[in-house]
Amino acid sequence: MEIYRITLKKWSGSLKGSSNPARWNSKGVEVIYSAWTRSLACLENIVHKNSIELKENFIIMVIYVPDSIKQETISKSVLPATWYHADAMGYNICQEIGDNWVSENKSAILKVPSSIINNEFNFVINPNHADFKLIKLIEEEPFLFDFRILYPKK
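The numbering used here puts the first residue of the sequence shown at 1184, with every later residue one more than the last.
This is the structure in structure tokens:
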């Protein structure tokens, strides 16, 4: 399976986790976020950055995950109705799930529902799992956000 990550050029070149807090991890818990498609990776960046930040130099990282690697899936059906909210309530629910997944260390990949696009998925990678060494960065491509995103019509 190929998955995608869009990141600033200065952070590209290797698969490194961040311990910055986000939807599926709290501060200090190291994970790597990626998406099912390039377009979903793009949308994830748009909702988390402002138009000035989107003018930076970005790279799309193509990541290969062998089918043999075990992954766990979080289904929306097991999440409370507010899980996707972009507030502390929604984040706290998801961070607890993600933190537990990292600490249990049962798989290198956690497939999670997108909070942006219904029926699409993101993938959280645990760089501390033994199978992480099998996950490879196979390609990098320059990525520019379309000027219409940067300068929407008024």
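From the three backbone atoms N, C-alpha and C, an ideal C-beta is built for every residue, glycine too.
Is the number of C-beta pairs between the stretch 1227–1243 and the stretch 1318–1337 that are closer than 8 angstroms three or more?
The count of Cβ pairs closer than 8 angstroms, one atom from the stretch 1227–1243 and one from the stretch 1318–1337, reaches three, so the stretches are in contact.
Go through its chain and collect everything with a Cβ distance to lysine 1318's Cβ below 6 angstroms, but skip five positions before and after it.
Along the sequence shown, one-based indexing puts residue 1318 at 135. Here residue 1318 is isoleucine; the residue named in the question, lysine, does not match the sequence. Excluding positions up to five away in sequence, the list reads Val1248.
Distance between arginine 1188 and glutamate 1323 (C-alpha atoms, nearest Å):
The residue labelled residue 1323 in the question sits at position 140 within the sequence shown. The residue labelled residue 1188 in the question sits at position 5 within the sequence shown. Rounded to whole angstroms, glutamate 1323 to arginine 1188 spans 10 angstroms at the Cα level.
Taking the alpha carbon of histidine 1231 as the point to measure from, which residue in Arg1206, Ser1251, Gly1211 and Met1244 has its own alpha carbon closest?
Here residue 1231 refers to the residue found at position 48 of the sequence shown. Nearest C-alpha to histidine 1231: Arg1206.
C-alpha distance - lysine 1259 paired with tryptophan 1266, whole-angstrom precision:
In the sequence shown, the residue the question calls residue 1259 occupies position 76. In the sequence shown, the residue the question calls residue 1266 occupies position 83. C-alpha separation (whole angstroms): 9 angstroms.
Secondary structure at tyrosine 1274, three-state DSSP: helix, strand or coil?
The residue given as residue 1274 occupies position 91 in the sequence shown. Residue state, collapsed to three classes: helix.
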